[in-house]
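S.K.: Below: one structure in structure tokens.
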Amino acid sequence: MRRHELSDGEWSIIEPLLPRKSRGVKRVDDRRVINGILWRFRTGSSWRDVPERYGPRTTLLQPVLPMARIRRLGPASGRSVKGL
Numbered sequence: 497m498r499r500h501e502l503s504d505g506e507w508s509i510i511e512p513l514l515p516r517k518s519r520g521v522k523r524v525d526d527r528r529v530i531n532g533i534l535w536r537f538r539t540g541s542s543w544r545d546v547p548e549r550y551g552p553r554t555t556l557l558q559p560v561l562p563m564a565r566i567r568r569l570g571p572a573s574g575r576s577v578k579g580l
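If you want my numbering, it's the 1-based position in the sequence shown plus 496.
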């Protein structure tokens, strides 16, 4: 486990909350995507600097963009993701 990644204990709490894998298009590794998102927010780096091991930037942005559009995340909202 790397410094900015979920521990097995944290993942065991989050995993049951995620949608089950469905037929059709193969799902990405949810844990890898979440770790990439956490890496970005915990380091304060830009999305283009997220290491490739977390997957394509476009994949990492998919769950974040809808929240950003309604201003649930980001400095303007006054909320912090540092505690994640």
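For every residue, glycine included, the Cβ atom is placed at its ideal position computed from N, Cα and C.
Hey, is the segment 499 to 508 in contact with the segment 535 to 543, meaning 3+ C-beta pairs nearer than 8 Å?
M.R.: Touching, per the Cβ criterion.
S.K.: Verify whether the separation of the beta carbon atoms of D526 and L514 is less than 7 Å.
M.R.: Yes, Cβ-Cβ distance for D526 and L514 is below 7 Å.
S.K.: By Cβ distance below 7 Å, which residues in the same chain neighbour V524 in space, the five residues on each side in sequence not counted?
M.R.: These residues qualify, in order along the chain: G551, T555.
S.K.: According to the Cβ coordinates, are V546 and G532 closer than 7 Å?
M.R.: Going by C-beta atoms, V546 is nearer than 7 Å to G532.
S.K.: Output the boundary residues of the alpha helix (DSSP H) element that contains D526.
M.R.: Looking at the DSSP string, the run of the alpha helix (DSSP H) that includes D526 is 526 to 539.
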